[in-house]
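Numbering (my numbering), first residue to last: 384 to 499. Glycine included, C-beta positions come from ideal geometry on N, C-alpha and C. Worksheet: one structure, shown below.
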């Protein structure tokens, strides 16, 4: 995902979701890349910062990531403690799951899901 403020975005994912930096890299054209490891998973998220392409403008509903949480209320308290809040929800679905969204610094929507 391309971002405008690499440090602020990395801090967001570390503070809110507990992701860890697995590696940093600079491409031959000058893009700065940070790979974030998702806990208890083999998955990584790649953040890319390339100032030459201008600021990132994320259109609404372009794409989103989703993370499962054990307890939506506890997660809501956690994000409040680190300076964020839900941008939508929590909402109970017909399947019994509860979902909500929190926005990353550039406006990417991050969904959080508590399964029944």
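When DSSP labels each residue in this structure, what does residue 433 get in the three-state scheme? Reduced to three states, the DSSP call for residue 433 is coil.
Using only CA atoms, which one of 443, 437, 405, 441 lies nearest to residue 425? It is 405 whose Cα lies nearest to the Cα of residue 425.
Roughly how many angstroms separate the alpha carbons of residue 423 and residue 401, rounded to a whole number? Those two C-alpha atoms are separated by around 11 Å.
In three-state DSSP terms, what is residue 416? In the structure shown, residue 416 sits in a strand (DSSP, three-state: E or B).
Quick one: is residue 446 buried, meaning 16 or more other Cβ sit within 10 Å of its Cβ, or exposed? Flag for residue 446 reads exposed.
Looking only at its chain, what residues have a beta carbon closer than 7 Å to the beta carbon of residue 498, apart from the 5 residues adjacent to it on each side? So the list reads 451, 480, once near-sequence residues are dropped.
Look at residue 470 and residue 454 and say whether their C-beta atoms are less than 8 Å apart. A distance of 8 Å or more separates the beta carbons of residue 470 and residue 454.
Quick check on the burial criterion: 16 or more other C-beta atoms within 10 angstroms. Buried or exposed for residue 459? Taking all protein chains shown into account, residue 459 has 16 or more neighbouring C-beta atoms within 10 Å of its C-beta and is therefore buried.
Same chain, Cβ closer than 7 Å to residue 408, five either side skipped, listed in chain order: The answer, listed in chain order, is 416.
Proximal residues to residue 467 (C-beta, below 7 Å), its chain only, five neighbours per side dropped: Answer for residue 467: 399, 485, listed in chain order.
In the structure shown, what three-state DSSP assignment does residue 390 receive? Residue state, collapsed to three classes: helix.
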